[in-house]
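Peer 1: The sequence shown stops at residue 630 when you use UniProt numbering, and every number in between is there. Ideal Cβ placement from N, Cα and C applies to all residues, glycine included. Take a look at this one; I'll ask things after.
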Amino acid sequence: MGTYEDVFRSSTEDPEGFWLRAAEGIDWDVAPQRALDSSGAPFYRWFPDGRLNVCFNALDRHVEAGLGDQPALVHDSPVTGTRRTYTYAQLRDEVATFAGGLKQLGVGYGDRVVIYMPMIPEAAIAMLACARIGAIHSVVFGGFAPPELAVRIDDAAPKVVVSASCGIEGKRVIPYKPLLDRAIELAGHKPEKRVIVQRAQERAELGTHDLDWAELVATATPVDCVPVAATDPLYILYTSGTTGKPKGVVRDCGGYAVALHWSMGAVYDIGRGETMFTGSDVGWVVGHSYIVYGPLLAGATTVLYEGKPVGTPDAGQFWRVAAEYGVKTMFTAPTAFRAIRKEDPKGALAAEYDLSRLRYLFLAGERLDPETYHWASALLDVPVIDHWWQTETGWPIVANPVGIEAAPVRPGSPTRPLPGWDVRVLDPSGQPVPPGVDGAIVVKLPLPPGALPTLWNDDERFIGSYLSAFDGYYLTGDSGHIDADGYVFVMGRTDDVINVAGHRLSTGSMEEVLATHPDVAECAVIGVADALKGQIPRGLVVLKAGAVREPAEVEAELVRLVREHIGAVASLKDVAVVPALPKTRSGKILRKTMRGIADGLDEPIPSTVDDPNVIEDLRPVLRRGPGHDV
1 MGTYEDVFRS STEDPEGFWL RAAEGIDWDV APQRALDSSG APFYRWFPDG
51 RLNVCFNALD RHVEAGLGDQ PALVHDSPVT GTRRTYTYAQ LRDEVATFAG
101 GLKQLGVGYG DRVVIYMPMI PEAAIAMLAC ARIGAIHSVV FGGFAPPELA
151 VRIDDAAPKV VVSASCGIEG KRVIPYKPLL DRAIELAGHK PEKRVIVQRA
201 QERAELGTHD LDWAELVATA TPVDCVPVAA TDPLYILYTS GTTGKPKGVV
251 RDCGGYAVAL HWSMGAVYDI GRGETMFTGS DVGWVVGHSY IVYGPLLAGA
301 TTVLYEGKPV GTPDAGQFWR VAAEYGVKTM FTAPTAFRAI RKEDPKGALA
351 AEYDLSRLRY LFLAGERLDP ETYHWASALL DVPVIDHWWQ TETGWPIVAN
401 PVGIEAAPVR PGSPTRPLPG WDVRVLDPSG QPVPPGVDGA IVVKLPLPPG
451 ALPTLWNDDE RFIGSYLSAF DGYYLTGDSG HIDADGYVFV MGRTDDVINV
501 AGHRLSTGSM EEVLATHPDV AECAVIGVAD ALKGQIPRGL VVLKAGAVRE
551 PAEVEAELVR LVREHIGAVA SLKDVAVVPA LPKTRSGKIL RKTMRGIADG
601 LDEPIPSTVD DPNVIEDLRP VLRRGPGHDV
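Structure, rendered in structure tokens:
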């Protein structure tokens, strides 16, 4: 591909030519002659004259190329003790048959299907089946509370919902059917049918509008792929909104397929016949892009893992998966590695497995703190690559593109912008800031292929949420800086910059310092309202398993560490050792929720929380201090 500088320059100086060349990696029913349609700006459209089918590109074309016997998808489920491998031919046949079942139910081009599933193969099959017939899928994380599922059903207005009788979280079996039934009760829109995968761990009682997955496919006739416009939606994926109503991120077919296929080789160095293990969930954007679509578009093998990084049954499961399936590239969230490190601080379990085929570890989802980076690097002796992106962007904005040219790593930075992404840092007035100075991280329009073209049925909110803060730029909502060599440092969400007596300070910088302490497994710093200084920072830390020192001793040392590394201006005098930090199911620490509780607000617990009890246990710690009752 040439050097990073060559490729990046090509993407900025001739974006039309660059992306048309990238589009040659996709099979088209009608090949695009134009890359970008700017006539409706700021609603840009990629490959406006192209037609394709994403399912054909993910499955059929590989079978036709002679790869039918190659493993396409491996389902590994330590929580049920089951494993299954689908070849490309088998997966194509299963998808074509279920697509036929959906067609029998009246689902066709442009119809929506909500998928409310655990991490089982049928989730990926349902997604691909929708793509096969030109329907639009919307995956909702399995186990989401009924009110949240109801809101998504009302917004997407699906003709059919595909679900399962239950999901498994650690050692708990969670019946899904009662949650789905309650959500449909609450929703104004009533889907015509519900297709339910019956699992052995808990079977569901089916009603008059319910169909058994196995019975549906037993009578279904397989169907061929339906070509659609490159600009047609492939899926809707909901992300949290500041007003409470979730935002339906739209992903188009053509731009997404081109961008993902290009990224598989350029960013992750994965090609045909190689194996990628992404430890995420199909309910999140990472699962869409790099469990299901990306690896299959590349003709690779993807691992669909049903379990946790720890506790199902131990902290060595990721190493077992990597060893058993010959994983070349692993991708997960930093919080997964912090959990592994907490349970197995010396990484002893990794030594029990042959990891010689593992070449790269990619981490994303929240900021990779330098301490976790150094621990993982020393343990695995492979490049540990932080990269940064969002639900809205669909694929990475900033990364170290090992398939083009690996750059020297700088801990704390996901490296440099990828080709196609014109990343800038602006001050509140919209002016560029000097290198090394923090500001709002933005992307100059147009966004590259694969990024959201708009929100579902809400163009006005799309503009208001992302494009109105700075004219001509997409607002990422993250703050940070770019150094003199072009390395991007993402310090956290814009609201994670706190103002202490007139000094703007990054809580991410303080977290970096806390994480260097040898007893700290993970940490969070939040800004708490203070009558004198405006805000003051409060630190919360979880200690490593086996730590024997008194919490008060560790807390005092952490206060001194921050003073030494950042200075007295940080005013971090309150650090508390806690049993756990509240997180979303995708592993992001709920800093905003903790901040609201600490400020005495009636802060709602997000629907995405992994364990609400963690928040309840933390309330006394968060509410202590001036002006708050303990």
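Where does residue 288 fall in DSSP's three states?
Peer 2: In the three-state reduction of the DSSP assignment, residue 288 falls in the helix class, which pools H, G and I.
Peer 1: Just checking, does the region 202–222 make contact with the region 134–154 on the three C-beta pairs under 8 Å criterion?
Peer 2: no
Peer 1: What does DSSP give as the partner residue(s) for residue 202 in the beta ladder?
Peer 2: 199
Peer 1: Does the distance from the C-beta atom of residue 99 to that of residue 223 stay below 7 Å?
Peer 2: yes
Peer 1: Going by DSSP, what residue range makes up the alpha helix (DSSP H) through residue 5?
Peer 2: 4–13
Peer 1: So which of 253, 308, 369 has the shortest CA-CA distance to residue 32?
Peer 2: 253
Peer 1: If you measure between the beta carbons of residue 197 and residue 122, is that distance less than 7 Å?
Peer 2: yes
Peer 1: By a C-beta neighbour count over all protein chains shown, 10 Å radius and 16 as the cutoff for buried, is residue 538 buried or exposed?
Peer 2: buried
Peer 1: Helix, strand or coil: how does DSSP classify residue 111 here?
Peer 2: coil
Peer 1: For the alpha helix (DSSP H) that residue 254 lies in, which residues bound it at each end?
Peer 2: 253–266
Peer 1: Whole angstroms are fine: how far does the CA of residue 87 sit from the CA of residue 93?
Peer 2: 10 Å
Peer 1: Considering Cα atoms alone, identify which of 428, 460, 490 is closest to residue 42.
Peer 2: Closest in alpha carbon position to residue 42, among 428, 460, 490, is 460.
Peer 1: In chain order, what residues of the same chain lie with their CB nearer than 7 Å to the CB of residue 379, ignoring the 5 residues before and after it?
Peer 2: 347, 350
Peer 1: Taking just the CA atoms, how far does residue 582 sit from residue 633?
Peer 2: Residue coverage of the chain in this structure runs from 1 to 630, which leaves residue 633 outside it and unanswerable.
Peer 1: List in chain order: all unbroken alpha helix (DSSP H) runs of 4+ residues lying wholly within the UniProt domain "AMP-binding enzyme C-terminal" (510–588).
Peer 2: 551–565
Peer 1: Should residue 13 go down as buried or exposed, given a rule of 16 or more other Cβ atoms within 10 Å for buried?
Peer 2: So residue 13 ends up on the exposed side.
Peer 1: Per DSSP, what kind of secondary structure is residue 271 in: helix, strand or coil?
Peer 2: coil
Peer 1: Determine the DSSP secondary structure at residue 619, reduced to helix, strand or coil.
Peer 2: helix
Peer 1: Does the region 94–114 come within contact of the region 217–234, defined as at least 3 CB pairs closer than 8 Å?
Peer 2: yes
Peer 1: Any idea if residue 451 is buried or exposed, counting beta-carbon neighbours within 10 angstroms, 16 or more meaning buried?
Peer 2: buried
Peer 1: Evaluate residue 485 with the Cβ neighbour count: other Cβ atoms within 10 Å of its Cβ, from every protein chain shown; 16 or more gives buried, anything less gives exposed.
Peer 2: exposed
Peer 1: How is the alpha helix (DSSP H) around residue 444 delimited, first residue to last?
Peer 2: Run containing residue 444: none in the alpha helix (DSSP H); it sits in the beta strand (DSSP E), 439–444.
Peer 1: Roughly how many whole angstroms lie between the Cα atoms of residue 370 and residue 11?
Peer 2: 30 Å
Peer 1: Can you say whether residue 366 is buried or exposed, counting buried as having 16 or more other CB atoms within 10 angstroms of its CB?
Peer 2: buried
Peer 1: Grab the span of the beta strand (DSSP E) containing residue 168 for me, first residue to last.
Peer 2: 166–169
Peer 1: Please say whether residue 455 and residue 247 have beta carbons closer to each other than 7 Å?
Peer 2: Between residue 247 and residue 455, the gap from beta carbon to beta carbon is short of 7 Å.
Peer 1: Excluding the 5 residues preceding and the 5 following residue 58 in the sequence, name in chain order all residues of the same chain whose CB lies nearer than 7 Å to its CB.
Peer 2: 128, 293, 296, 297
Peer 1: Just to confirm, are residue 85 and residue 74 a CB contact at a threshold of 7 Å?
Peer 2: For residue 85 and residue 74, yes; Cβs fall inside 7 Å.
Peer 1: DSSP three-state label for residue 82, please.
Peer 2: strand
Peer 1: Kindly identify the DSSP beta-bridge partner or partners of residue 136.
Peer 2: 112
Peer 1: Quick check for students: name the residue ranges of the beta strand (DSSP E) that lie wholly in the region 383–414, counting only runs of 3 or more.
Peer 2: 384–386
Peer 1: Assign residue 402 to buried or exposed, taking buried as 16 or more other Cβ atoms, counted over all protein chains shown, within 10 Å of its Cβ.
Peer 2: buried
Peer 1: Using 7 Å as the threshold, is the C-beta distance between residue 513 and residue 562 below it?
Peer 2: yes
Peer 1: Taking 8 Å as the cut-off, does the region 177–192 touch the region 45–59 (at least 3 CB pairs, one atom from each stretch)?
Peer 2: no
Peer 1: Would you call the region 159–173 and the region 305–315 touching, i.e. three or more CB-CB distances under 8 Å?
Peer 2: yes
Peer 1: Per DSSP, residue 607 is paired with what?
Peer 2: According to DSSP, residue 607 bridges with nothing at all.
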